[in-house]
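Residue numbers (our numbering): 116 to 367. Glycine is no exception: its CB is placed at the ideal position from the N, C-alpha and C atoms.
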Amino acid sequence: MSRRFALLSVTALGLLAGCAQKPRTVAAVAPPVIMVPVPVPVMPKGASPTIVIPVALADGTYPTPNRNLTTSAKVWHLRAALNVAALACRGPQEVVIVAGYNALLSAQKPVLAKAEATYASEYKSGGGDWQDRYDDSMTRLYNFFSQSPARDDFCTAANTVLAQSAGVSAEALPAFAAQNLPVLERPFTDFYRAVDAWRGRAVPRPVQPVMAARQYASNTPVQTITQARLQPVSQPVPPAQPRLKLDASVFQ
């Protein structure tokens, strides 16, 4: 009897030892997969899937009609840009922009006439059918500043530039044009950059040189143009149908 009990005890201990050598395996539960939504690029205002824009250059800029200009060309291109603003900008800024443009034409008439004549002579010196080349370049220039997707920002920039032009002397207008023509161009190149980013072709913004603020008129501070201030100049210009002083030569 005692021998049988001993055998049973040994057998039980063996079974217990076998159980001790096999720890329970706990199945690992994988953490739930968290789905992070990928932001969908927003199409820039005024763009379309098939819109065609210039190809960015290696330096991060875009080819425009305002590259590699002479001093006279910069003055005339500034006038053309502001002419487009006076013709195309609507809303609360319309009357102020029209009045500011007319005031610029009146105050800077000799400088603008000289710039236009010099600019045309630059084309004439190239020989051939220079008039057609000149007219084509002006058409491209007007078309550039007439692009509707960037119009709101362009009109805001034009309003600012016209406000600053009120304190510019005739001698300082070329320097003013050189500094502010890029300001009027930027809304369009910013739009190109936004379209490229939307298409996954991010274009680094070129480094702009730091320019010290210029004092264009020694005795006349730059002030914000208001309708009341320009009332004598814009008096024939009714708010409903602004009358513009246009240079017929650009439409020939």
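- Around the beta-carbon of ILE212, 16 or more other beta-carbon atoms lie within 10 Å, marking it buried.
- For the pair GLN208 and ASN274, the CB atoms are nearer than the 7 Å cut-off.
- For VAL310, the closest of VAL151, PRO156 and PRO147 by C-alpha to C-alpha distance is PRO156.
- Taking a C-beta distance under 7 Å as the contact criterion, ALA285 and VAL190 do not qualify as a contact pair.
- Remark: C-beta atoms of ARG308 and VAL318 approach each other more closely than 7 Å.
- In the structure shown, ILE149 adopts coil according to DSSP, grouped into three states.
- LYS160 sits in coil when the DSSP states are folded into three classes, being neither helix nor strand.
- In this structure SER280 is not in contact with PHE269, their Cβ atoms being roughly 16 Å apart against a cut-off of 8 Å.
- Excluding sequence positions up to five before and after ALA171, its CB lies within less than 7 Å of the CB of TYR177, ASP311 and VAL318, all in the same chain and listed in chain order.
- Between SER261 and VAL167, the C-beta spacing is not below 7 Å.
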